[in-house]
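All remarks here apply to the structure that follows.
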Amino acid sequence: MRRPVIAGNWKMFKTVDEAVETVASLATLVDGVSDREVIVAPTFVGLAAVARAARGTNVSIAAQDCAPEPGQGAFTGEVSAEMLADAGATHVIVGHSERRQFFGETDDTVNAKAKAALGAGLTPIVCVGEQLSDRDAGRAEVVVEGQICGSLSGLTAEEVVRTIVAYEPVWAIGTGRSATPEIAQQMHRLIRETIAKLVGADVSEAIRILYGGSVKAENISALMKEPDIDGGLVGGASLDAESFARIVRYGY
Ligand code: 13P
454 MRRPVIAGNW
464 KMFKTVDEAV
474 ETVASLATLV
484 DGVSDREVIV
494 APTFVGLAAV
504 ARAARGTNVS
514 IAAQDCAPEP
524 GQGAFTGEVS
534 AEMLADAGAT
544 HVIVGHSERR
554 QFFGETDDTV
564 NAKAKAALGA
574 GLTPIVCVGE
584 QLSDRDAGRA
594 EVVVEGQICG
604 SLSGLTAEEV
614 VRTIVAYEPV
624 WAIGTGRSAT
634 PEIAQQMHRL
644 IRETIAKLVG
654 ADVSEAIRIL
664 YGGSVKAENI
674 SALMKEPDID
684 GGLVGGASLD
694 AESFARIVRY
704 GY
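So in this note's numbering, spot 74 of the sequence shown is number 527, and the numbers just go up one at a time.
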């Protein structure tokens, strides 16, 4: 049985104080929800304070990115996975489409970051997803399969099982145009089959695959009814504690 995960990606939003207030309200609103994992991803500068505010609650903390290099070193502007773990993170988003699109991240970079995260004991949330032009050209499956193979390349079965995958079609992010549950399910199935080919069916049946792209309280239940959708990676609707708590509490 795969434990659902509802993760909020706060992107480049919220001051430290705002982030702390939001996580405190969220923790109260989702208190007692124990059958699913709840995660929020603040900015680097907010992470330690948010992690402190969330201590003892059922909200876990993710970073939005990490350095591909482990440990410490002369890499100005970078933050290593070890440093994120030290600051209270348990998860880290890697390869978000905004990083692939605006910061030139390739599958190789994402792969290095996933390895760095695993090496530091963090759970990487590896994002994949096609552009609208890929879908229109009938290339969505090939693109996502390639991203999965490249991003997870060289990971052992034990490492893949500790990883979370997020399928976020770029055309559904921040557009209000969510993929239908059927479209998302088809891609999640393909991702699971691709992972089965890479590291075996046991791992592919155990790994959690989240859907992201205009997830809201209104569509989360329908998405979660699909057999291969194990949770959501939520952007805009995670910024407000009450709105995010409604998503976390789907089905209650
Ligand atoms: P929205 O929920 O705002 O579409 O963002 C999705 C996303 O990018 C989460 O990582």
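Note that the Cβ used here is the ideal one computed from N, Cα and C, for glycine as well.
In the DSSP secondary-structure assignment, residue 661 is bridged to 617. Inter-segment contact for the region 522–529 and the region 492–512 is absent: fewer than three beta-carbon pairs are separated by less than 8 Å. The count of Cβ pairs closer than 8 Å, one atom from the region 534–542 and one from the region 498–518, reaches three, so the stretches are in contact. Distances from the CB of residue 632 to the heavy atoms of the ligand 13P are all 8 Å or more. Cβ-Cβ distances below 8 Å link residue 512 to 476, 479, 480, 483, 491, 492 and 493 in the same chain, with the five nearest sequence neighbours on each side left out; the list follows chain order. Taking residue 589 as reference, the option from 620, 614 and 624 with the minimal CA-CA separation is 624.
Excluding residues up to 5 positions away in sequence, 690 lie with their Cβ nearer than 6 Å to the Cβ of residue 696 in the same chain. Minimum Cα-Cα distance from residue 705 among the listed residues 647, 454 and 489 corresponds to 489.
When DSSP states are grouped into helix, strand and coil, residue 516 belongs to the strand group. Placement of the Cβ of residue 689 at a distance of less than 8 Å from at least one heavy atom of the ligand 13P is found. For residue 462, the enclosing beta strand (DSSP E) stretches over residues 458–462. Residue 654 sits exposed, since fewer than 16 C-beta atoms from the chains shown fall within 10 Å of its C-beta.
For residue 475, the enclosing alpha helix (DSSP H) begins and ends at 469–482. For a cut-off of 8 Å, the C-beta gap from residue 681 to residue 661 is around 10 Å, too long to register as a contact. In this model, residue 663 and residue 529 are separated by some 32 Å (Cα to Cα).
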